[in-house]
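*Asks:* Under our numbering, the letters of the sequence shown match residues 268 to 538, in that order.
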Amino acid sequence: MILEFKQIKSVGENQFQMTENGTLRYVSTSPWTPLSAEFTRNLTMTNSAGQLVFQTEYNYIENALEEAVPFKYLLTGQQRFNSFKVKDSFGNEVGAFYVEVNNIADAKMYLLFNGRVLVAYRLQNGPREFISFYENDAQIGQTTRWNATVNNMDTYHIHFLPGYENLLPILTFFMTYYDFVYHNNTSEAMIGYKVSYTYTYSKNSDKYDSQFILRNFGPEENERISGKGPNSIKPEAKVGNLSMKTFWIIFGVGWFVALLVAGIVCLLLFL
268 MILEFKQIKS
278 VGENQFQMTE
288 NGTLRYVSTS
298 PWTPLSAEFT
308 RNLTMTNSAG
318 QLVFQTEYNY
328 IENALEEAVP
338 FKYLLTGQQR
348 FNSFKVKDSF
358 GNEVGAFYVE
368 VNNIADAKMY
378 LLFNGRVLVA
388 YRLQNGPREF
398 ISFYENDAQI
408 GQTTRWNATV
418 NNMDTYHIHF
428 LPGYENLLPI
438 LTFFMTYYDF
448 VYHNNTSEAM
458 IGYKVSYTYT
468 YSKNSDKYDS
478 QFILRNFGPE
488 ENERISGKGP
498 NSIKPEAKVG
508 NLSMKTFWII
518 FGVGWFVALL
528 VAGIVCLLLF
538 L
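(1) Buried or exposed: where does Thr300 fall if 16 or more other Cβ atoms within 10 Å of its Cβ makes it buried?
(2) Within this structure, are the beta carbons of Leu385 and Phe397 separated by less than 8 Å?
(3) Determine the DSSP secondary structure at Thr443, reduced to helix, strand or coil.
(4) The beta strand (DSSP E) with Asn419 in it runs from where to where?
(5) Using DSSP bridges, identify the partner residues of Asp355.
(6) Do you know offhand how far Gln406's Cα is from Leu428's?
(7) Beta-carbon within less than 6 Å of Lys352's beta-carbon, same chain only, minus the 5 sequence neighbours each way: which residues are those?
(8) Do Asn489 and Leu481 have their CB atoms nearer than 8 Å?
(9) In chain order, what residues of the same chain lie with their CB nearer than 6 Å to the CB of Val294, ignoring the 5 residues before and after it?
(10) Would you decide whether Phe479 is buried or exposed? Buried here means 16 or more other CB atoms lie within 10 Å of its CB.
(11) With H, G and I counted as helix, E and B as strand and the rest as coil, what does DSSP make of Ala479?
(12) Which of the three DSSP states is assigned to Val278 in this structure?
(13) Which same chain residues end up closer than 8 Å to Leu291 when comparing Cβ atoms and leaving out the 5 residues on each side of it in sequence?
(14) Quick one: is Thr439 near chain C, going by C-beta distance under 8 Å?
(15) Is Gly408 buried or exposed, if buried means 16 or more other CB atoms sit within 10 Å of its CB?
(16) By how many angstroms is the C-alpha of Met420 removed from the C-alpha of Val462?
(17) With respect to the alpha helix (DSSP H) encompassing Glu329, which residues constitute its N-terminal and C-terminal limits?
(18) On the premise that Thr443 lies in contact with Ser297, defined as a C-beta separation below 8 Å, what is that separation, rounded to the nearest angstrom?
(19) Between which two residues does the alpha helix (DSSP H) holding Tyr464 run?
(20) Can the beta-carbon of Tyr340 be found less than 8 Å from the beta-carbon of Val366?
(21) By DSSP, does Ser297 sit in helix, in strand, or in coil?
(22) How big is the Cα-Cα spacing for Ser493 and Pro502?
(23) Would you tell me roughly how many angstroms separate the C-alpha atoms of Val320 and Pro436, rounded to the nearest one?
(24) When DSSP labels each residue in this structure, what does Lys375 get in the three-state scheme?
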């Protein structure tokens with residue numbers, strides 16, 4: 268299962284689309300304005316027909332009590348952050364998302380859904396960021412994000428092993444949660460290309476398997492995800508809607524024409 272989770276709106280609200288082989292499957296949103304106080308946080312997801320599939324419930328008091336003691340995990344061995352309950356379209360609680368810290372440099376994310384437990388490990392490795400998904404201690408999927416955005420919009424490329432297609436709805440909603448927690452540019456409007464190189468140390472770094480895509484999806488797909496070749500997923504620098512290459516070509520041609528016209532005018536004046 269190869270998917271693309273792409274942000275299509277980054278001002279006023281954050282809006283995302285999950286597509287599979289170019290077909291729209293789900294649309295999700297997360298808050299953008301700081302006027303949305305913590306207790307009104309709400310993530311939503313609809314299917315391609317616009318029907319509500321999932322929504323979240325954020326209990327401010329429960330989260331505040333759990334997060335109030337700094338470094339509580341050093342005493343208890345466990346502390347949860349950013350806990351969200353997941354509810355279906357009828358308001359029934361069907362799952363949860365949260366970040367769990369067990370020690371210094373030892374954090375992981377949990378995706379709970381209908382009795383299933385997925386553990387997600389985040390790793391930032393320079394120009395790219397990865398999430399490795401595990402179920403029952405076996406890796407079942409990976410997402411790849413380049414640490415480069417155009418107009419503050421993120422794109423995640425997702426690879427899951429065959430047999431896990433039924434996770435697509437909750438996985439889409441989890442990616443909405445993940446972006447909200449780690450890459451939500453609250454109240455920030457930005458036009459243009461932004462790139463960063465970030466490295467993180469984690470005791471769970473070994474959960475990232477650099478050969479996962481190559482081994483399960485082949486060398487061509489691995490090249491694409493690695494930012495190589497004509498189908499590279501690496502975001503291209505842009506000026507407005509133009510690629511940097513096109514911009515500089517137009518810029519150069521413009522200057523050449525301006526200099527040519529200026530030369531002709533000067534020639535005519537002195538003849």
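Where is the CB? At the ideal position from N, CA and C, for every residue including glycine.
*Replies:* Let's see:
(1) exposed
(2) no
(3) helix
(4) Per DSSP, Asn419 belongs to no beta strand (DSSP E) and is neither H nor E.
(5) Phe321
(6) 9 Å
(7) Glu324, Glu360 and Ala363
(8) yes
(9) Gln284 and Thr313
(10) buried
(11) Here the sequence assigns Phe to residue 479, which means Ala is not the residue at that position. In the structure shown, Phe479 sits in a helix (DSSP, three-state: H, G or I).
(12) coil
(13) Gln284, Met285 and Ser315
(14) The structure shown contains no chain C; it holds only a single protein chain.
(15) buried
(16) 12 Å
(17) Tyr327 to Glu334
(18) 6 Å
(19) Run containing Tyr464: none; DSSP gives neither H nor E here.
(20) no
(21) strand
(22) 12 Å
(23) 8 Å
(24) strand
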